[in-house]
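Sequential numbering from 1 applies to the sequence shown in the numbering used here. Beta carbons: idealized from backbone N, C-alpha and C, even for Gly. So the structure is just underneath, and the comments pick up after that.
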Amino acid sequence: MKKMLLQTIEILDILANIIGSILMFLMPIIVPIGEWMVGWISSSMDFLRQNLSTDLTIYILICVLLVVSAIIINIIWPG
């Protein structure tokens, strides 16, 4: 049982190394996308905070809009 547990940990270690290698390879693509997402979300939140009340209704509507659009996009273009 102990040997099997150690083999399982070794498999997870190999899998983590593979995933890490893929992410390191894709880092030049992933980092700018993440920075862009942080930038537009931050500026949108600042705009909403300054120009709208602190009522949560607008945030709930935006959340519903994003979720519904994601569902529609995933139905049209799965994967």
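- Within the model, the alpha-carbon separation for Met27 versus Asp13 is close to 21 Å.
- Between Ile58 and Leu52, the gap from beta carbon to beta carbon is short of 7 Å.
- Counting along the chain, the unbroken alpha helix (DSSP H) around Leu66 starts and ends at 57 to 76.
- In the displayed model, Leu15 falls within a helix according to three-state DSSP.
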